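Data block below; observations after.
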Amino acid sequence: MSKKLPGYGTITVPQEREVPFGAITPAPVRQQDLFVTSNWRMVRPVIDQETCTRCLTCYIVCPDACWSYNEEEDQMEWNWKFCKGCQICIHQCPVECLSPIPELDFEDGVHRLEKPF
Amino acid sequence: MPQERNLTGCSAAAQAAKLAEVEVICSYPIRPYTAIMMELAKMVANGELKAEFVHGEGEHAQLSVVLGASAAGARAYTGSAGVGVTYAFELYSPIAGGRYPVQMAIADRTLDPPGDFGSEHTDAMSFRDQGWLMGWACSPQEVFDNTLMGFRIGEDPRVMLPQAICQDGYFLSHIPDKVIVADPAQVKEFLPPYKAPHSLSPTCPVSHGPQIRPDQGAPMDAQRAATFLEVPKVIEEATADFNRIFGRNYDPFLEKYRLEDAEIAFFIQGAHANTCRKAVDAMRKSGVKAGMARLRWLRPWPTHEIAVALAHVKAVGSIETSTSYGGAMRGGNLIHELRASLYDLEERPVVTSFMAGLGGETIWPEDFHFMAKVLTKMAKDKRADQYVRWLGFEAD
């Protein structure tokens, strides 16, 4: 063979884009901050604390466990990092204290999460 | 002491898995691979093998169980055949992406329709691009050997990838042949215990398989692709160690049979290579300079080794034991990558393919002689008149 065969090149992932080996990460105590997944949300549920009865229906129905009860403040808290905007909580709330508000209506709306971590 | 025994491919795989001291096994029956699990079940029941033997409720469950077992730090083993292989399809990419070095034994069987129990490589070939190491044996002995080599290569910290250790159904899985069953001390020297880098543990909790974002997908793909660039080196080291410890003579990637001065060559993988060798010997006696290149690893594909081994040959015929309907050559899969591997040679052989050994059919010596005639004519004409010939189905 007089001609050299092509090679496969090299593959280097820049450090800032590296993903943990096999995407295996330290287990979250409460939530996995390494993989925030809310960037496809189009609307977010906004709560009217006056109407809310703390019945915890939203806490039970949320598929991503984004609602929690803050005992000290005696109010429901919403987790923006994992809410996908599915609106199940809004439809299930017995006192209709939740409203779907478009992400673009918020100054910090539509989290684009440019950096992996 | 190593023992010489008469074993089928299935028994050989089970014996090797036992010597590898697999810790979790997940079974689900589908012929012709089932006998592997029957043997392992007996070993576990008799106390010869201390392993957790899980009856999966299907192939999807089988692959899920070994994923979990491997994540927990166990050496995990499973297997399947035919449509069982395709039923488990969803799991192949997560297992490779999560870097779980499980091993899956596959005794090839045709896919439906309709149920044909014969051997054909299409089942395993259908997931060749999911990030698994994949290779075919050509004898029960090689099934035994590849099982051990698979674990060693897949569990290497530089690799950490699952392995599909394939054998032709029936031709290998059910026909006994002499197998040297290694001494446990040899296996211990060759195969260190599996160490999972981040195993699931209550004292040091980790998260496996989280949802990632689109901007994390590409780096993960690139990291896996970069690993595949390292795999050939690991295969070479492991094969050299294996040859030294067990007294074998494997080429890491390609068995080269009478290739040095060959003018025509067969490119093949799996058990039909045994008939091919005999046919090559007969051709040599009648003055036809034939040779054979047998692929040992389909993934990673040994591009350069194939180019170097076949550069001097005038005509190459790939024996396809799988189908690629509508593919570039309208025949099987091997010819695509074979031709691509030879493309950059200054002078390259002319290449065609033969659809043979499908649906469990035997490839007879006279079939190889027919193919040799085609290849000899191609060598003389310096061109391939057809990309593919379906043996037994051509109009005269």
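Protein chains in written order, with this note's numbering: chain A, 862 to 978; chain B, 153 to 548. All C-beta atoms in this analysis are idealised placements derived from N, C-alpha and C, irrespective of residue type, glycine included. In this text, all values refer to a predicted model and were calculated from it rather than measured experimentally.
Chain B contact for S863(A) (CB, 8 Å cutoff): Position 2 of the first sequence, counted from the start, is the residue given in the question as residue 863(A). Here the model assigns S863(A) a pLDDT of 46, short of 50, so the residue's position is not dependable, and the following value carries that caveat. Yes - at least one Cβ of chain B is within 8 Å of the one on S863(A).
Which residues in the same chain as P154(B) place their Cβ atom closer than 6 Å to its Cβ, once the five residues preceding and following it in sequence are excluded? On the second sequence, position 2 is the one that residue 154(B) refers to. I332, A334 and D335, listed in sequence order.
Contact with chain B by N900(A), beta-carbon distance below 8 Å: By 1-based counting over the first sequence, the position of residue 900(A) is 39. Chain B contact via Cβ: present.
So with Cβ pairs under 8 Å, would you call P867(A) a contact of chain E? Absent from the structure is chain E; the protein chains it does hold are A and B.
Classification of S163(B) by the beta-carbon crowding that lies within 10 angstroms, buried from 16 upward: For the purposes of this step, residue 163(B) is taken as the residue at position 11 of the second sequence. The residue is buried, with at least 16 neighbouring Cβ atoms inside 10 Å.
For V196(B) and Y346(B), I'd like the C-alpha separation in whole angstroms. If you number the second sequence from 1, residue 196(B) lands on position 44. If you number the second sequence from 1, residue 346(B) lands on position 194. Each residue's alpha carbon lies about 20 Å from the other.
Within-8 Å CB hit, R304(B) to chain A: To locate residue 304(B), count along the second sequence from 1; it is residue 152. It does not; no Cβ of chain A falls within 8 Å.
Whether or not the segment 396-405 of chain B and the segment 448-456 of chain B are in contact is what I'm after, with contact meaning three or more pairs of Cβ atoms, one per stretch, closer than 8 Å; do they touch? yes
Going by other Cβ atoms of all chains shown within 10 Å of its Cβ, with 16 needed for buried, is L959(A) buried or exposed? Against the first sequence, residue 959(A) aligns to sequence position 98. Buried is the call here.
Please report whether the beta-carbon of E879(A) lies at a distance below 8 Å from any beta-carbon of chain B. Numbered from 1 along the first sequence, position 18 holds the residue referred to as residue 879(A). Closer than 8 Å to some Cβ of chain B, the Cβ of E879(A) qualifies, so yes.
For chain A, find out if any of its Cβ atoms is closer than 8 Å to the Cβ of S216(B); answer yes or no. Reading the second sequence from its first residue, position 64 is the one you call residue 216(B). No, because no Cβ of chain A sits closer than 8 Å to the Cβ of S216(B).
Strand pairing of T230(B), partner residues [DSSP]: For this step, residue 230(B) is matched to residue 78 along the second sequence. DSSP, once it has assigned bridges, lists C178(B) and M256(B) as partnering T230(B).
For C913(A), the three-state DSSP class (helix, strand or coil): The sequence position of residue 913(A) within the first sequence is 52, counting from 1. It is coil, neither helix nor strand.
DSSP three-state label for P887(A), please. Along the first sequence, read from residue 1 onward, the residue named residue 887(A) stands at position 26. Correct three-state label for P887(A): strand.
Taking the C-alpha atoms as reference points, what is the distance between F279(B) and F520(B)? Within the second sequence, numbered from 1, the residue matching residue 279(B) stands at position 127. Within the second sequence, numbered from 1, the residue matching residue 520(B) stands at position 368. Distance between the alpha carbons of F279(B) and F520(B) is about 29 Å.
What is the DSSP secondary structure of I364(B), reduced to helix, strand or coil? Start at 1 with the first residue of the second sequence, and residue 364(B) comes out as number 212. Three-state DSSP puts I364(B) in coil, outside helix and strand.
Apart from the five residues on each side of it in sequence, which residues of its chain come closer than 7 Å, Cβ to Cβ, to Y930(A)? Position 69 of the first sequence, counted from the start, is the residue given in the question as residue 930(A). Cβ within range, chain order: R915, L917, Y920 and M937.
Between the segment 891-922 of chain A and chain B, which residues of the former have a C-beta closer than 9 Å to a C-beta of the latter? Q893, L895, F896, V897, T898 and N900
Considering V339(B), what are the terminal residues of the alpha helix (DSSP H) in which it resides? By one-based count along the second sequence, residue 339(B) stands at place 187. V339(B) -> alpha helix (DSSP H) spans P336 to F342.
Would DSSP call F978(A) helix, strand or coil? Locating residue 978(A) in the first sequence gives position 117, counting from the first residue. Any reading at F978(A) must be qualified, since the residue scores a pLDDT of 34, below 50, and its modelled position is unreliable; the value itself is stated next. Here F978(A) sits in coil by DSSP.
Through-space distance from T886(A) to P977(A), alpha-carbon basis: Translated into positions along the first sequence, residue 977(A) becomes position 116. Translated into positions along the first sequence, residue 886(A) becomes position 25. The predicted position of P977(A) is uncertain, since its pLDDT is 38 and thus under 50; a value taken from the coordinates is nonetheless stated next. So the two alpha carbons sit approximately 13 Å from each other.
Return the residue from the list A524(B), V311(B) and D297(B) that minimises the CA-CA distance to T330(B). In the second sequence, counting from the first residue as 1, residue 330(B) sits at position 178. Inspection of the sequence shows that residue 330(B) is occupied by Lys rather than by Thr. It is D297(B) whose Cα lies nearest to the Cα of K330(B).
Own chain partners of K437(B) with C-beta closer than 6 Å, once the 5 adjacent residues on each side are dropped: Stepping through the second sequence from its first residue, residue 437(B) is reached at position 285. No residues qualify anywhere along the chain.
Once you ignore the five residues that flank I487(B) on each side, which residues in its own chain have a CB closer than 6 Å to its CB? Residue numbering aside, residue 487(B) sits at position 335 when the second sequence is read from its first letter. Correct list, in chain order: S470, M481 and S505.
Integer Cβ distance of S325(B) from A187(B), believed to fall under 8 Å: Mapped onto the second sequence, residue 325(B) falls at position 173. Mapped onto the second sequence, residue 187(B) falls at position 35. About 7 Å separates the two Cβ atoms, so the contact holds.
Hey, which unbroken runs of the alpha helix (DSSP H) at 4 residues or more fall wholly within the segment 232-293 of chain B? 234-239, 241-249 and 274-277
Output yes or no for whether 8 Å exceeds the beta carbon distance between A552(B) and A377(B). With chain B covering only 153 through 548, there is no way to say anything about residue 552(B).
For chain B, find out if any of its Cβ atoms is closer than 8 Å to the Cβ of I962(A); answer yes or no. As a first step, residue 962(A) must be located in the first sequence, where it is residue number 101. No, because no Cβ of chain B sits closer than 8 Å to the Cβ of I962(A).
Can you list, in chain order, the residues of its chain whose CB lies under 7 Å from that of S216(B), leaving out five sequence neighbours each side? As a working mapping, residue 216(B) is identified with position 64 in the second sequence. So the qualifying residues of the chain are L243.
CB contact check: G250(B) to chain A, cutoff 8 Å: For the purposes of this step, residue 250(B) is taken as the residue at position 98 of the second sequence. True, the Cβ-Cβ gap to chain A drops below 8 Å.
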